Amino acid sequence: MRKSKPKKRILLPDPKFNDVLVTRFVNDLMVDGKKSIAFRIFYDAIDIVDEKMAKKEEKSALDIWKQALENITPQVEVKSRRVGGATFQVPMEINPMRKRAISVKNMILFSRKRSGRNMAEKLAAEIMAAYKEEGAAFKKKEDIHRMAEANRAFAHFRF
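First residue of the sequence shown: 1, per UniProt numbering; consecutive thereafter.
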């Protein structure tokens, strides 16, 4: 769309935690329209996090998950910008909606790549790793920040 912005769709909160961010996460986790399976995977992962970490951290499993998402959320990213004949990687601030989308997608992508018995266990392991500021999703965020830092000289090409 060139001229008009698309309307934002209003999502309903999930049934268990009454949180819209959970619904957003489950929608990205869902494969082939199997939403009930995606909800079951997410809730099982939260239960695993609850029994393994929540007692030590004295937080609810949902708070641990939210903190993990926050830990893997990048603040800046690089975008390609063509100036003259050269293409520069220009560091830019990220829109808050895009920040959330990137962190959710990275958590799901790297939990799918993990080794484990089922998706709930893999997701729980990735949540716990992100909460402790380790794991592949956190490393991805660090790489994005490192790339932006390295290309800081081209920040004046921002558009």
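For each residue, glycine too, the CB sits at the ideal point set by N, CA and C.
Because the structure is a prediction, the values reported are computed rather than measured.
Next item on the list: Within 10 angstroms of the Cβ of lysine 7, are there 16 or more other Cβ atoms? Answer buried if so, exposed if not.
Entry: exposed
Next item on the list: Determine the extent of the beta strand (DSSP E) in which alanine 86 is found, giving its start and end residues.
Entry: 86-93
Next item on the list: Give, in chain order, every unbroken run of the beta strand (DSSP E) that is at least 3 residues long and sits entirely within the UniProt domain "Small ribosomal subunit protein uS7" (1-152).
Entry: 76-83 and 86-93
Check: Pairing CB atoms from the stretch 121-138 with CB atoms from the stretch 42-55, are three or more of them under 8 Å?
Finding: yes
Next item on the list: For serine 4, count neighbouring C-beta atoms within 10 Å of its own C-beta (all shown protein chains included) and say buried if the count is 16 or more, exposed if not.
Entry: exposed
Note to self: Taking 7 Å as the limit between beta carbons, can you name the residues of its chain near lysine 16, skipping five residues before and five after?
What the structure shows: Tyr43
Check: Residues in its own chain within less than 8 Å of residue 160 by CB, not counting five upstream and five downstream?
Finding: The structure shown does not extend to residue 160, since the chain spans only 1 to 159, so no value can be given for it.
Item checked: Close beta carbons around isoleucine 94, own chain, < 6 Å, minus the five adjacent residues each side -> Glu77
Margin query: Closest to alanine 148 by C-alpha separation, out of Lys59, Gln89, Leu62 and Phe39, would be which residue?
Written below: Gln89
Note to self: Among the candidates Glu134, Ala136, Lys122 and Val83, whose CA atom is the shortest distance from the CA of phenylalanine 157?
What the structure shows: Val83
Check: How long is the line joining the alpha carbons of glutamate 70 and serine 103, rounded to whole angstroms?
Finding: 8 Å
Note to self: Between which residues of its own chain and isoleucine 72 is the CB-CB distance below 7 Å, once the five residues before and five after are set aside?
What the structure shows: Ser103, Asn106, Met107, Ala130, Ala137, Phe138 and Lys141
Margin query: To the nearest angstrom, how far is the alpha carbon of arginine 114 from that of glutamate 134?
Written below: 14 Å
Checklist line | Euclidean distance between Cα positions of isoleucine 41 and aspartate 63 | finding: 18 Å
Item checked: Cβ neighbours of lysine 99 in the same chain (closer than 8 Å, five flanking residues each side left out) -> Thr73, Pro74 and Gln75
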